[in-house]
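Okay, so here's the structure we're looking at.
Residue numbers (my numbering), protein chains in the order written: chain P, 1 to 350; chain C, 351 to 965.
Given below as structure tokens:
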């Protein structure tokens with residue numbers, strides 16, 4: 001079985017890479033189709049002429065066909081010197097200085113940002129990962145801590161008042177966009193009552209743990225909302241499913257106290273998928289925080305994405321795109337693999 | 351349990367929830383405008399403007415950009431003294447008797463600034479956004495000359511004197527001695543020369559390179575003498591050559607690549623500076639901390655010892671911070687101005703800026719469009735009550751504008767056709783263009799109602815939206831239908847700069863420049879469709895601009911620019927609307943603020959903090 005697993009991992013790994021590649025192709029095309037470009041902002045100033053625009057465009061290689069730009073992004077431009085006439089496909093910066101040639105994503109070079117004037121994309125992203133990680137992790141903890149008990153409680157009281165209350169609440173909360181709830185809470189709690197800070201990760205010059213927790217509280221709670229709603233629903237559904245199983249009826253029939261039935265037989269089976277899926281769910285949480293980061297001035301990847309999209313910074317957009325699709329696909333893969341450890345009945349076949 | 355219930359199933363659901371509810375929504379964020387760097391002018395920017403850079407000739411100093419928000423009741427500058435400005439004469443020498451060494455006396459404290467967009471880079475020759483130039487102005491400050499805050503003339507700054515040769519082609523600047531970099535090394539003409547050489551290297555990405563093309567040579571004759579030669583007489587040259595270049599420390603930068611942030615740490619963490627402040631720490635998207643530079647060449651360290659800029663993505667949040675006293679300033683949108691003036695801890699400073707932002711309606715002049723016809727353009731202009739629009743949209747924070755230059759400019763010509771609201775005249779103009787007005791509809795020769803496509807952007811700008819619906823309403827009264835299309839910023843720019851545009855009318859704004867000649871570019875045929883989006887072609891106007899640029903006599907130039915204003919107003923390529931007042935809210939503990947036509951930031955080093963006596 002172990003050997004089967006190894007082959008399975010390899011196969012799924014390759015499939016995932018293929019998926020990521022297809023995703024980049026689609027992503028690149030979509031970004032390029034969007035109106036404007038990284039230099040668009042430059043050309044609306046009486047102090048800049050078309051000559052300035054064209055010069056910069058050639059320096060950055062933005063005057064090349066889109067397909068060439070994609071290939072360069074994928075494979076780099078340093079090797080183009082080997083092709084006859086290949087230097088014509090290099091960007092002006094690369095021709096001027098070989099050190100500025102991109103090496104391509106295949107060699108783990110994410111390229112350089114237009115908007116951030118030549119900064120390495122990977123540095124810009126790595127710089128912001130901790131913030132996103134902290135927010136994602138906290139909201140995951142909160143959504144599990146709230147979602148699982150409320151799901152169990154609803155299931156055990158199925159069709160009765162608590163169940164209805166939980167269901168109605170979740171539906172209601174779910175119909176309102178969370179960023180709007182976030183903004184509202186920010187204005188009320190931060191602006192008027194002043195019990196939470198108006199965004200940011202820490203007070204400038206403070207940065208102690210209590211200060212950071214103080215800043216984290218509201219964003220984490222608000223971004224946990226959608227998580228606990230779905231977790232609670234799935235938990236309820238799963239509990240009900242298990243409660244109808246024969247072995248539960250058997251356990252009850254042999255006179256086991258109800259709380260033991262729930263704890264030993266129902267919960268253990270119902271909660272299994274969450275335990276295994278948690279790491280994967282977490283990765284997905286990471287890639288879904290754009291709006292909260294905006295509302296709460298949270299300096300993470302989501303805000304970077306918004307800046308990159310607004311300024312048509314293709315390398316940064318693509319970098320974030322690759323990383324978030326990678327995280328997402330890895331999340332799914334990890335769930336599958338972990339599942340086999342927990343549930344021996346699952347076999348992986350080629 | 352069944353295999354069919356594998357975790358993928360839940361994952362899918364969770365993905366659907368988390369991604370579905372979050373990632374798809376970015377366009378709906380409360381304030382995407384705050385994230386768009388380009389349109390954000392440093393001043394309150396009631397609406398984003400296409401033009402962001404500070405007026406030509408001024409180095410992006412803190413002065414030009416600090417006005418992250420707004421200003422003073424004590425002294426409302428109603429009119430600039432720009433009209434008194436004189437052009438440099440040939441064969442003269444100007445010597446400054448200004449003493450720049452006496453230290454400031456009211457030192458200490460921390461100023462807390464707030465901004466809605468962070469700087470991109472601290473490299474002064476790569477960026478175009480105002481956030482970056484305000485950061486850069488903290489650390490690299492000073493050109494050879496600067497604008498006098500009252501007369502708006504160029505006066506010696508880092509140069510203590512300059513002279514212009516008889517033929518007007520050679521400029522000699524003598525630098526002040528004793529100016530130091532923050533590491534104690536002298537600031538010399540070599541630093542200027544080296545910086546100029548780097549900036550003008552075409553491989554070095556300077557976005558405004560075309561502004562320096564008139565310079566033939568730029569040489570350091572010795573450590574304290576610079577000689578700059580130009581090809582032919584060009585009147586804006588003095589301001590351009592002395593304002594666009596602020597020196598970088600050659601002894602530090604020389605060994606480093608000019609524009610590679612991976613190998614040149616000075617680009618984003620400058621260690622040796624010329625400005626009033628040194629960078630202590632910069633955390634992107636969070637904050638930047640600056641501290642006083644004891645070696646600052648202009649009267650030593652600034653009064654305020656620490657300067658902190660906090661980044662928040664939303665204007666409302668930034669305003670709240672000022673209100674609660676968390677920061678000393680904050681952006682005040684026009685609708686909050688009334689409230690802000692009443693805040694007990696805030697003084698609102700107000701002024702009419704020399705480089706005012708002015709709004710207009712662009713009319714597509716290409717053949718085939720209804721607005722190609724002069725009478726249609728005039729008719730559309732007459733149909734709008736621009737006074738009322740100014741009053742309603744800008745709530746008294748703007749003045750009418752009738753042609754290319756606002757009243758604050760020294761070349762302003764009051765004697766131009768202004769198309770005051772007159773619906774009868776509007777209909778009359780349309781009749782001359784072959785239209786007929788029947789049953790409340792403006793019909794063309796084929797009996798079809800005139801419909802115009804009106805575009806504006808960014809779609810988050812309330813000001814422009816308000817202008818758009820007002821135009822629509824007024825035009826409907828003369829039977830012209832306008833279909834409004836609001837666009838995201840980049841999309842709008844692309845539509846505007848398209849070679850074959852499909853719009854008839856758009857709403858735009860320009861930032862006036864103190865040097866009137868710079869506005870030539872937006873009327874030149876060669877700049878269609880980028881800067882001259884309406885495709886205005888008038889060779890007489892171009893000739894007048896050329897003449898005004900080549901003869902530096904004050905009266906001569908003024909007369910030419912006045913003629914230009916008249917011709918353009920008659921041709922009506924734009925419907926000129928209004929130009930904006932500027933304002934800035936500052937905590938009352940900040941003293942020493944004096945608003946002029948340059949704003950309030952020009953003497954920022956002299957501001958000081960007076961703590962209120964604790965009750």
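All residues carry an ideal CB built from backbone N, CA and C; glycine is no exception. Note that this is a predicted model, so its numbers are computed, not measured.
Partners in chain P for residue i, counting only beta-carbon separations shorter than 7 Å
i              : result
residue 476(C) : 117
Sequence-distant residues of its chain with Cβ nearer than 7 Å to residue i (five each side left out)
i              : result
residue 15(P)  : none
residue 948(C) : 413, 497, 499, 704
residue 920(C) : 767
residue 301(P) : 125, 128, 129, 132, 320
residue 570(C) : 539, 540, 542, 543, 576
residue 961(C) : 939
residue 793(C) : 785, 786, 799
Identity of the residue in the options nearest residue i by Cα
i              : options                        : result
residue 220(P) : 297(P), 208(P), 255(P), 169(P) : 297(P)
residue 644(C) : 884(C), 454(C), 931(C)         : 454(C)
residue 551(C) : 78(P), 261(P), 274(P), 93(P)   : 93(P)
residue 614(C) : 110(P), 38(P), 117(P), 82(P)   : 117(P)
residue 759(C) : 711(C), 861(C), 683(C)         : 861(C)
residue 749(C) : 877(C), 931(C), 674(C)         : 931(C)
residue 726(C) : 586(C), 702(C), 878(C), 776(C) : 776(C)
residue 810(C) : 334(P), 328(P), 333(P), 310(P) : 310(P)
residue 736(C) : 686(C), 803(C), 821(C), 716(C) : 821(C)
residue 936(C) : 457(C), 444(C), 464(C), 442(C) : 464(C)
residue 40(P)  : 840(C), 519(C), 771(C), 740(C) : 840(C)
residue 185(P) : 217(P), 69(P), 152(P), 74(P)   : 217(P)
residue 688(C) : 604(C), 933(C), 941(C)         : 933(C)
beta-carbon residue i near the ligand NAP non-hydrogen atom, thresh 7 Å
i              : result
residue 571(C) : This structure lacks the ligand NAP, and indeed carries no ligand of any kind.
Per-residue contacts from residue i into chain P (C-beta, under 8 Å)
i              : result
residue 868(C) : 46, 47
residue 473(C) : 117
Residue i: first and last residue of the uninterrupted alpha helix (DSSP H) it sits in
i              : result
residue 775(C) : 773-782
residue 52(P)  : 50-60
residue 211(P) : 209-243
residue 896(C) : 889-900
residue 481(C) : 480-489
residue 744(C) : 736-744
Terminal residues of the beta strand (DSSP E) in which residue i lies
i              : result
residue 149(P) : That residue, residue 149(P), is in no beta strand (DSSP E); its alpha helix (DSSP H) goes 121-156.
residue 928(C) : 924-930
residue 668(C) : Element bounds for residue 668(C): not the beta strand (DSSP E) but the alpha helix (DSSP H), 665-673.
residue 786(C) : 786-788
residue 523(C) : 520-525
residue 461(C) : 460-465
Neighbour list for residue i in chain P, Cβ cutoff strictly below 9 Å
i              : result
residue 442(C) : Per Cβ cutoff of 9 Å: no residues; residue 442(C) is ~27 Å from chain P at best.
residue 463(C) : The contacting residues do not exist; residue 463(C) stays about 11 Å from chain P at best.
Contacts that residue i makes with chain C (C-beta to C-beta distance below 8 Å)
i             : result
residue 96(P) : 553
residue 55(P) : 552, 559
Close Cβ partners of residue i (< 8 Å) along its chain, the five nearest in sequence each way excluded
i              : result
residue 773(C) : 732, 733, 827, 828
residue 148(P) : 231, 232, 235, 271, 274
residue 317(P) : 27, 31, 305, 308, 309
residue 372(C) : Since pLDDT at residue 372(C) reaches only 35, below the 50 mark, its modelled position is unreliable, and no value is offered.
Interface partners of residue i on chain C, CB under 9 Å
i              : result
residue 12(P)  : Simply none; closest approach about 12 Å.
residue 191(P) : 666, 667, 670, 673, 674
residue 40(P)  : 388, 839, 840, 843, 844, 847
Cutoff 6 Å; reference residue i; Cβ partners in own chain excluding five residues on either side
i              : result
residue 212(P) : 202
residue 451(C) : none
residue 652(C) : 626, 642, 955
residue 166(P) : 150, 154
residue 12(P)  : 333
residue 401(C) : Only weak support is given to the placement of residue 401(C): the predicted model assigns it a pLDDT of 35, under 50, and the question is left unresolved by the model.
residue 441(C) : 516
Where residue i meets chain C, residues with beta-carbon distance less than 7 Å
i              : result
residue 120(P) : 612
Near-chain C residues of the segment 200-213 of chain P - C-beta to any C-beta below 9 Å: 200, 201, 202, 204, 205
What are the residues in the segment 153-166 of chain P lying within 9 Å of chain C by C-beta distance? none
Output needed in chain order: residues of the segment 21-34 of chain P with a Cβ under 9 Å from some Cβ in chain C. 34
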